[in-house]
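There are 2 protein chains.
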Amino acid sequence: MQVNILHTFFMAEKGKKIKEISELGEFGLIDHLTKNIKSDDKNLIKGIGDDTAVFKTGNTCTLVTTDLLVEGIHFNLIYSPLKHLGYKAVVVNLSDIYAMNATPKYITISLALSSKFSLNAIEELYSGILLACKNYNVELIGGDTSSSLSGLFISITAIGEAKKNDIVYRSGAKPNDLICVSGNLGAAYLGLQLLEREKEVFLSDTSMQPQLDGFEYIVERQLKPEPRRDIIETLRNHNIKPTSMIDISDGLSSELLHLCKNSDLGCRIFEEKIPVAPQSIAAAEMFRLDTSLAALNGGEDYELLFTVPLDKKEEIEKIPDISIIGYMTSASEEKFFVAKNGIELELKAQGWNPLK
Amino acid sequence: MQVNILHTFFMAEKGKKIKEISELGEFGLIDHLTKNIKSDDKNLIKGIGDDTAVFKTGNTCTLVTTDLLVEGIHFNLIYSPLKHLGYKAVVVNLSDIYAMNATPKYITISLALSSKFSLNAIEELYSGILLACKNYNVELIGGDTSSSLSGLFISITAIGEAKKNDIVYRSGAKPNDLICVSGNLGAAYLGLQLLEREKEVFLSDTSMQPQLDGFEYIVERQLKPEPRRDIIETLRNHNIKPTSMIDISDGLSSELLHLCKNSDLGCRIFEEKIPVAPQSIAAAEMFRLDTSLAALNGGEDYELLFTVPLDKKEEIEKIPDISIIGYMTSASEEKFFVAKNGIELELKAQGWNPLK
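Going down the list, the sequences are from chains R and Z. FYI, the numbering for the first sequence is 14 to 369, going by our numbering. FYI, the numbering for the second sequence is 14 to 369, going by our numbering.
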């Protein structure tokens, strides 16, 4: 490499503009930048392109995932208590490990902090980080800390383990497999709408206290999500290994399309089957939002979306908190959402783009 | 946890101020935040407190380290070509893995980008990242990409492997062990001084071209460091396993004090033995800086600092590019720097504080 001092930045400025990056979107950008990566590492089972990477380490597999939370993009400190933020920053990574049917073991944390943060504030953030570690039996094993010129950046890497044959990828679904989701969808997005409204009220009159009565559940889903370790354990106890799985961070549509693409299948899901909590319905009505759209595109629910063979239907129906919402089809070009009125619509990923 | 919406940020603001954080420094802050972490994980061999974490995976060990580079804190895009920056962001992590006498295998990358970055610019950054991966036989296996409100943040996690008995910690040095360094010290710091000077000239008159003739080596040491895989391999070929080791990212003083603290020993090093490159001496003269101070406190050299038993002296002296600069002592309270005039000074860590 030649050292082109003082030129690079200005040269880069003349190049194609950021608009293209946001148009590519996060997945498009990653595809673009990594399309030429070819591995000849025999121990690397899965590189980029699933919830986590997977590589062989002795007779087990190690899984690695990383997530970045940026102030002003992923969270707003006006309504995100720092303890909750620390907790959430950890569990969104653990959720990716569980989505591989694996067990999270370790995390590392890198923080960049602007000068507005006090030691108290960082202690609060860490108390949430360590609580999440305790609740999910994970060890904090390293990190890096720096100042930033503005804002808070939290980068967490989670490391998990699993036996090779236990791991569930996005790619294993078969035609006629049942599509299942845990819990309910849209709550985190609707909780965010409520917090955004209260923020506006507060900013216009700082003596106002937030009105969240009756909506505690959806606010908690936004601020302090829990990954579904319980679902992974329940499925294991029922001897059910999903054929494909992903966690719902960007919205049901986006995640289901990942399963379809990676399994080279189509799907058909039914609006009437999508689980939505009563508080989500009430909040959607209040905000005049469509409940199903919130469930399809809202994101941040950290529920599990997975497929199981058709013959597991009876067994799955016995498990509380799992809903069968449709099935996979061999027609890989057809991804259908069947509305309550019977009309079939094409599923589109309108999930959140962190580059916009 | 209770949800104290809208209160947290303002409460935190009333707390202790950032001044305390910068006074604690990076290591003090980490100690403070993690002092109560206790692990009962039998596979975790080393958590926080060495160049990397180490845990058992089957019959080998996996090592993990993470580093964060922040625009305006760790790098300045006026003189850091993006390809070099991507390269450096990777190799500083690999350097930590080599410093454990281990082999880096995988990296993950999280990027936060402000809107000033074009697709071309990101491609440049990635070309450096991928070149480093190629040169050191490492696979990029995952990451996360986001926008930022301002600046560029690069968080990289590197994963390595080693046999348990091959790993070298900071804690294994014994009294009378020889203290060795690879390559030469202070060059990266002096390269930075030169780039900073040229930046000022450029900002006052943008038609000016940088004057770097004769200083290409120290500029390259700053912008495109190389981790010392070759030294690790050479030591292995000579059947020498260091008793303790660390990479020099924060300056010789700071790193040597880490070895002393972790091995519970003192040390005595000799100014006349510290290796400094001719260009570094010339640059130090030009800037009226003390060459030895640049070597002791400059940082970013990414050389290896290690100890070997006294009986390896002859063998070590045969290896080019390794200098014996002193020895460890049993007097753990005495860390001495013996100046060329024979005066003994106390070694102090004046390495760089990323929180200042």
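The beta carbon of each residue, even a glycine, is placed where N, CA and C say it ideally should be. The model shown is predicted, which means the values in this text are computed figures rather than measured ones.
Residues of the segment 289-302 of chain R in Cβ contact with chain Z at a cutoff of 7 Å, in chain order, please.
none
Return the CA-CA distance between R/Val351 and R/Glu284, expressed in angstroms with no decimal places.
6 Å
Inset, instruction - Measuring only between beta-carbons, confirm whether R/Glu359 sits less than 8 Å from chain Z. - result: no
Check: Would Z/Leu76 pass as a contact of Z/Ile154 if the rule is Cβ separation under 8 Å?
Finding: no
Q: Spell out a yes or no on whether the segment 314-327 of chain Z and the segment 183-201 of chain Z are touching, meaning 3 or more CB-CB pairs, one atom from each, closer than 8 Å.
A: yes
Under 9 Å from the C-beta of Z/Gly60: neighbouring residues of chain R: Tyr119, Glu152, Leu153, Ile154 and Gly155
DSSP three-state assignment for R/Val77, whether helix, strand or coil:
strand
> Is there a Cβ from chain R that is less than 8 Å from the Cβ of Z/Thr116?
Replying inline: no
DSSP on R/Gly141, reduced to helix/strand/coil? helix
Out of curiosity, what's the CA-to-CA distance linking R/Asn114 and R/Asp179?
7 Å
message = Against chain Z, with Cβ distances strictly below 8 Å, would R/Asn250 count as a contact?
response = no
- Message: Counting only C-beta atoms, is R/Asp226 closer than 8 Å to chain Z at any point?
- Response: no
Is Z/Leu57 close to chain R, meaning its C-beta is less than 8 Å from at least one C-beta of that chain? yes
query = Which residue or residues does DSSP assign as beta-bridge partners of Z/Glu9?
reply = There is no way to answer for residue 9 of chain Z, as the model of chain Z reaches only from 14 to 369.
query: Out of curiosity, what's the CA-to-CA distance linking Z/Leu90 and Z/Ala175?
result: 36 Å
CA nearest to the CA of R/Lys348, picked from R/Ile337, R/Gly339, R/Leu360 and R/Asn354 = R/Leu360
**Prompt:** How many angstroms separate the CA atom of R/Cys74 from the CA atom of Z/Ala102?
**Reply:** 27 Å
Cα-Cα separation between R/Ser232 and R/Ile142, rounded to whole angstroms:
The sequence shown places Val at residue 232 of chain R, rather than the Ser named in the question. So the two alpha carbons sit approximately 19 Å from each other.
- Given 8 Å, three or more beta-carbon pairs between the segment 327-336 of chain R and the segment 233-253 of chain R: yes
message = Assuming Z/Ser184 and Z/Ser305 are in contact, meaning their beta carbons sit under 8 Å apart, how far apart are those beta carbons, in whole angstroms?
response = Contact doesn't hold; Cβ gap of about 27 Å is too wide.
* Within 9 Å of chain R by C-beta, residues of the segment 67-87 of chain Z in sequence order -> Val67, Phe68, Lys69, Thr70, Gly71, Asn72, Thr73, Cys74, Thr75, Val77, Thr78, Thr79, Asp80, Leu81, Leu82, Val83, Glu84, Gly85, Ile86 and His87
The segment 209-220 of chain Z: positions lying closer than 8 Å to chain R by Cβ = Glu211, Lys212 and Phe215
- prompt: How about R/Val83: is its Cβ closer than 7 Å to a heavy atom in the ligand ADP?
  reply: The model on display carries no ligand, and the ligand ADP is accordingly not part of it.
> Which whole runs of the beta strand (DSSP E) in the segment 198-286 of chain R are 3 residues long or more, in chain order?
Replying inline: 257-260 and 279-283
Is the Cβ of R/Gly7 closer than 8 Å to any Cβ of chain Z? Residue 7 of chain R cannot be examined here, being either before or after the span of chain R that is shown, 14 to 369.
- Look at the alpha carbon of R/Lys29 and the alpha carbon of R/Glu84, and state the distance between them as a whole number of angstroms. Bear in mind that the predicted position of R/Lys29 carries a pLDDT of just 42, short of 50, making it too unreliable to give a figure here.
**Message:** Could you tell me which whole alpha helix (DSSP H) segments of length 4 or greater appear in the segment 277-333 of chain Z?
**Reply:** 291-299, 304-310 and 326-330
If distances are taken between C-alpha atoms only, which option among Z/Ser266, Z/Lys59, Z/Thr79 and Z/Ile282 comes closest to Z/Asn189?
Z/Ile282
- So, helix, strand or coil for Z/Phe349, using DSSP? strand
So is Z/Pro255 buried or exposed if we call it buried at 16+ other beta carbons inside 10 Å?
buried
| query | Starting from R/Val67 and walking both ways along the beta strand (DSSP E), at which residues does that stretch end? | reply | Ala66 to Thr70
### Query
So, helix, strand or coil for R/Lys101, using DSSP?
helix
Since Z/Leu95 and Z/Glu137 should fall inside the 8 Å C-beta cutoff, what is the C-beta to C-beta distance between them, to a whole number of angstroms?
4 Å
8 Å Cβ cut-off: residues of chain Z touching R/Ser262
What R/Ser262 touches in chain Z: nothing, since even the nearest Cβ is about 11 Å away.
If I'm right that R/Ser257 touches R/Gln363 with Cβ under 8 Å, what's the distance once you round it to whole angstroms? Their Cβ separation, rounded to whole angstroms, is 22 Å, which puts R/Ser257 and R/Gln363 out of contact at 8 Å.
Please confirm whether Z/Glu371 has its beta-carbon closer than 8 Å to some beta-carbon of chain R. Lying before the first or after the last residue shown, residue 371 of chain Z is absent from chain Z, which here runs from 14 to 369.
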